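Student:
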Amino acid sequence: MSDHHFLIRLAEDDDDFILGLVPRFVDFLLPAWRKRHECIEGIRKDLSRHLDEQPANSYVFVAENEDGERAGFIHLQKTQDYFTGRTNCHISDIAVAPRHETQGVGKALMAHAEAWAREHQCQLITLAVFPGNERARALYEAAGYQVDLLRLAKPAH
C-alpha cells in the first residue's frame, strides 16, 4: 500500500502524455479477432477527438504526483442508463504511466471517478474491460465492481 498523494485535475495541454499511454490499453492477450494496431488507432482517434472537441458530458482528468509529474489519466463520460434512463458515469479510459505503477495512481483515479459520479448524481459507474486485462480487472474487482452485462462477440466471416 502506498501513501502517495495525487493532484487530479482536468486535462489541459496533456494530449501527448495521454495519447502516449494508449498502447497500455492493449498490453495483454486480446481476443483472436482483435488486431493490436487497430485497437491502438481506434482508441487514439477517439481520445484525440474528446481532447480536441471537448464534447459535452466528456471529461478527461490527469493525476500528478507531489513533484508535479503526470502519473496517469482517466476519461469519464456521463451516459444514460438503457434500462432506467438515469444518468450513469462511464469510465471510458484509465491508464497509469509505467514508471508510476504500484504507487496507488489507479486507485486514486478510481476514487476520483466515484466522487465525481456522486457529485453528478450518477446511478451507476460503468466500465468495459477486455477479459485478458487481468491487472485492470483485479483493480476494478478490488474496488467493488461486478459484472453487469456481458458483451459476447463472434466474427461474421
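Numbering (my numbering), first residue to last: 690 to 846.
The beta carbon of each residue, even a glycine, is placed where N, CA and C say it ideally should be.
Here the structure is a predicted model, which means the values were calculated and not measured.
#1: Shortest alpha-carbon distance to residue 765 belongs to which of 705, 753 and 782?
#2: Apply the 10 Å Cβ neighbour rule to residue 757 and answer buried if 16 or more other Cβ atoms are within range, or exposed otherwise.
#3: Quick check on DSSP: helix, strand or coil for residue 759?
#4: Nearest CA to the CA of residue 848: which residue from 773, 750, 770 and 777?
#5: Which value, in whole angstroms, describes the spacing of the CA atoms of residue 752 and residue 785?
#6: How many Å lie between residue 818 and residue 740 at the Cα?
#7: Can you tell me whether residue 794 is helix, strand or coil according to DSSP?
#8: Helix, strand or coil for residue 734? Go by DSSP, reduced to three states.
#9: Are residue 814 and residue 779 closer than 9 Å when you measure CB to CB?
#10: In chain order, what residues of the same chain lie with their CB nearer than 6 Å to the CB of residue 806, ignoring the 5 residues before and after it?
#11: Just tell me which of 700, 727 and 703 has its CA closest to the CA of residue 712.
#12: In or out: residue 654 buried (at least 16 other Cβ within 10 Å) or exposed?
#13: What does DSSP give as the partner residue(s) for residue 773 in the beta ladder?
#14: State the Cα-Cα distance for the pair residue 826 and residue 720, rounded to the nearest angstrom.
Tutor: Looking at the coordinates:
#1: For the purposes of this step, residue 765 is taken as the residue at position 76 of the sequence shown. If we check each option's Cα against that of residue 765, 782 comes out closest.
#2: On the sequence shown, position 68 is the one that residue 757 refers to. Label assigned to residue 757: exposed.
#3: Here residue 759 refers to the residue found at position 70 of the sequence shown. Of the three classes helix, strand and coil, the one that applies to residue 759 here is strand, per DSSP.
#4: With the chain represented from 690 up to 846, any question about residue 848 goes unanswered, as that position is not in the structure.
#5: For this step, residue 752 is matched to residue 63 along the sequence shown. For this step, residue 785 is matched to residue 96 along the sequence shown. C-alpha separation (whole angstroms): 9 Å.
#6: Stepping through the sequence shown from its first residue, residue 818 is reached at position 129. Stepping through the sequence shown from its first residue, residue 740 is reached at position 51. For residue 818 and residue 740, the distance between alpha carbons rounds to 22 Å.
#7: Translated into positions along the sequence shown, residue 794 becomes position 105. Of the three classes helix, strand and coil, the one that applies to residue 794 here is helix, per DSSP.
#8: Here the question's residue 734 lines up with position 45 in the sequence shown. Of the three classes helix, strand and coil, the one that applies to residue 734 here is helix, per DSSP.
#9: As a first step, residue 814 is located in the sequence shown; it is residue number 125 there, counting from the start. As a first step, residue 779 is located in the sequence shown; it is residue number 90 there, counting from the start. Taking 9 Å as the Cβ cut-off, residue 814 and residue 779 qualify as a contacting pair.
#10: On the sequence shown, position 117 is the one that residue 806 refers to. Taken in chain order, the residues that qualify are 778 and 814.
#11: Residue mapping note: residue 712 aligns to position 23 of the sequence shown, counting from 1. For the residues 700, 727 and 703, the minimum Cα distance to residue 712 belongs to 727.
#12: The chain is shown from 690 up to 846; residue 654 falls before or after that span and cannot be answered.
#13: Within the sequence shown, numbered from 1, the residue matching residue 773 stands at position 84. In the DSSP output, where bridge partners are listed per residue, residue 773 has none listed.
#14: Here residue 826 is taken as the residue at index 137 of the sequence shown, counted from 1. Here residue 720 is taken as the residue at index 31 of the sequence shown, counted from 1. If you take the alpha carbons of residue 826 and residue 720, they lie about 16 Å apart.
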